[in-house]
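Numbering (this note's numbering), first residue to last: 1145 to 1356.
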């Protein structure tokens, strides 16, 4: 795997697994559509079981764990097979646990001060969250001038229509979102629709510009 989560695909699907039986076919559908990196969030009780299943049964998937907010979760995620970690925010304690996990990680930021603090600590790749609520493309564009060394994966409120605007920014390498996973399609097991939407999302880089 590339050492950077940001370079796997232009879109990082953010997955909330409500039904464990859907985890593997969902992952297969995303991979088939060209989105190999999959962030499974720790928002449901079966999240780590889903990660184990995907890691064991979908070898082409690069499964990671999101909503990591403490060292124990980071440790449990890696033990379950996570190949990267994502947090909505960060503290020094959480940062050190992710740094020591042995897998790539994206700490979350939403302010300039947080970005500078991470740069001081040698971290240049970050999640910008919640993207739309925290200022969206205008905010990230403003950050590029003084802080061009920071690279972002904006997540939160991003849709197919707005993703290209983010990808056009020079400091955005990929975006996170779940629009390629409509609830009705997932509930019905319509994996062909998920694959089709994933394929459209995988093609967004050219629509957005030369962000990488």
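Every residue, glycine too, gets a C-beta built ideally from N, C-alpha and C.
Looking only at its own chain, which residues have a Cβ that is under 7 Å from the Cβ of residue i, when we skip the five neighbours before and after it?
i	result
residue 1281	1309, 1310, 1313
residue 1218	1212, 1229, 1241, 1242, 1245
residue 1316	1284, 1296, 1298, 1310, 1355
residue 1258	none
residue 1348	1154, 1155, 1307, 1308, 1311
residue 1301	1274, 1275, 1276, 1277
Look up residue i in the DSSP assignment and say whether it is helix, strand or coil.
i	result
residue 1295	strand
residue 1320	strand
residue 1185	strand
residue 1195	helix
residue 1264	helix
residue 1219	helix
residue 1247	coil
residue 1159	strand
residue 1150	helix
residue 1338	helix
residue 1344	helix
residue 1230	strand
Might you give, ordered along the chain, the residues of its own chain that have their beta carbon closer than 8 Å to the beta carbon of residue i, omitting 5 neighbours on each side?
i	result
residue 1198	1167, 1168, 1171, 1182, 1184, 1205, 1207, 1225
Starting from the C-beta of residue i, find all residues in its chain whose C-beta is less than 6 Å away, skip the five residues before and the five after it, and write them out in chain order.
i	result
residue 1337	1329
residue 1304	1323
residue 1260	none
With a 10 Å radius around its C-beta and 16 neighbouring C-beta atoms as the bar for buried, classify residue i as buried or exposed.
i	result
residue 1277	exposed
residue 1251	buried
residue 1237	exposed
residue 1223	exposed
residue 1269	buried
residue 1147	exposed
residue 1165	exposed
residue 1187	exposed
residue 1342	buried
residue 1255	exposed
residue 1248	buried
Stretch pair the segment 1263–1277 + the segment 1226–1233: three plus CB contacts closer than 8 Å:
yes
Below 8 Å, how does it come out for the segment 1152–1161 and the segment 1176–1185: are there three or more Cβ pairs, yes or no?
yes
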